[in-house]
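Using full-length UniProt numbering, the first residue of the sequence shown is number 1, and each one after it goes up by one. Think of the CB as a built atom: it goes at the ideal place given N, C-alpha and C, for glycine as much as any other residue. In what follows, a structure is listed as structure tokens, so that the remarks can point back to it.
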Amino acid sequence: MFRNNYDNDSVTFSPQGRIFQVEYAQEAVKQGSVVVGIVSKTHAVLAAVKRNAEELSSYQKKIIPVDSHYGLALAGLASDARVLSNFMKQQSLSSRLTYGRPILLSEITSRVADRAQTNTQQYGRRPYGVGLLVAGVDAKGPHLFEFQPSGITQEMVACGIGARSQMARTYLERNLDQFEGSSREELIKHALRALNESLPQDKELTVDNTSLGVSGLEENFTMYEGQQIAQWLDTTFENRNDGGDDDAAAPAADAPAQPEAAGESMEVDS
């Protein structure tokens, strides 16, 4: 994109009715590595491809547990995601302390959207350069919401955002009818296959660059990384050798959640 007279701030419309600062923020989302979310009648699953800036660096965090019943996956600026995830944690804790119940996913995503939309109306602020998939199970069942830098949120059955996410969305659209009745294991495999569709031909999913987040009607939101997902990769892609540990077993559905703080070890994803 090239600079013009209408992109100096987020409160100026172009003659065509466009707000370029918001569009630039949406481009940041497209530069982040792909993340996928799917829901069924009983579970919500997030899957993400992690990047490392160089061979000597660690892989970036892509999935953030927020409360015991939900978490988020990010594409874009991880620093902006950290700010929003901390806000969501505060709102979730406030709901538990004030009303004695977990916050509804529709409510928390609406509050995040209001916060983000304010940045598009006030001079001197910029839109958040991050897209989020918020997934989990609340009192109304499993849900998946997409958040965009413009402040738009919408509930989805399945969604993919980030670089090369169109291939993942194509897979999701092709298999849309299967998701509602899928079991926990089937839903995870669908998420991994969608991720794999978005990768370049010379790359594949491994235990190092893949992370999962799973929540169910009787299961807290739990993250799985490293050798914890080796068995899922082996069974999903049986025709290839991904170098995983053959003895590694998929974690049980009732495995205790080990949430990671959103404010720790966050790096720029884009």
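Per DSSP, what are the beta-bridge partners of residue i in this structure?
i	result
Thr153	Phe147
Tyr70	Asp67 and Gly136
Val36	Ala47 and Gly160
Ala99	Note that residue 99 is Tyr in the sequence shown, not Ala. Beta-bridge pairing links Tyr99 to no other residue.
Glu225	Ser211
Gly141	Asp138
Would you call residue i buried or exposed, if buried means 16 or more other Cβ atoms sit within 10 Å of its Cβ?
i	result
Leu187	buried
Glu238	exposed
Gly17	exposed
Val112	buried
Thr235	exposed
Arg174	exposed
Asp177	exposed
Gly181	exposed
Pro142	buried
Phe13	exposed
Leu217	exposed
Ser211	buried
Asn8	exposed
With DSSP collapsed to three states, give me the class of residue i.
i	result
Ser215	strand
Val11	coil
Asn5	coil
Val130	strand
Thr236	helix
Ala75	strand
Asn196	helix
Asn220	strand
Ala81	helix
Ser106	helix
Arg125	coil
Using the Cα positions of residue i and residue j, report the straight-line distance between them to the nearest angstrom.
i	j	result
Phe221	Ser79	22 Å
Val29	Arg184	28 Å
Ala230	Ser10	45 Å
Arg193	Phe87	32 Å
Thr98	Ser57	42 Å
residue 271	Glu155	Coverage of the chain is limited to positions 1 through 270, which leaves residue 271 absent and any answer about it impossible.
Gly100	Asp138	14 Å
Leu74	Gly131	6 Å
Lys189	Phe179	11 Å
Val66	Pro102	11 Å
Ala44	Glu219	10 Å
Val22	Thr120	7 Å
Lys203	Gln122	42 Å
Glu225	Asn5	46 Å
Phe147	Ser95	21 Å
Tyr24	Thr206	32 Å
Whose CA, out of the options, lies closest to the CA of residue i?
i	options	result
Thr109	Leu97, Thr120, Arg125 and Ser92	Ser92
Gly76	Val157, Pro149, Leu192 and Ala230	Pro149
Gly160	Val137, Gly32, Asp177 and Gln122	Gly32
Ile63	Leu104, Ser94, Val134 and Ile19	Val134
Val83	Gln201, Glu55, Ala48 and Arg115	Arg115
Ala53	Lys61, Leu46 and Ala47	Lys61
Ser215	Val157, Thr42, Asn5 and Tyr24	Thr42
Lys140	Glu197, Ala25 and Ser40	Ser40
Leu72	Thr170, Phe20 and Leu105	Leu105
Please confirm if residue i has its CB atom under 8 Å from at least one CB of chain D.
i	result
Ala230	Note that chain D does not occur in the displayed structure, where there is just one protein chain.
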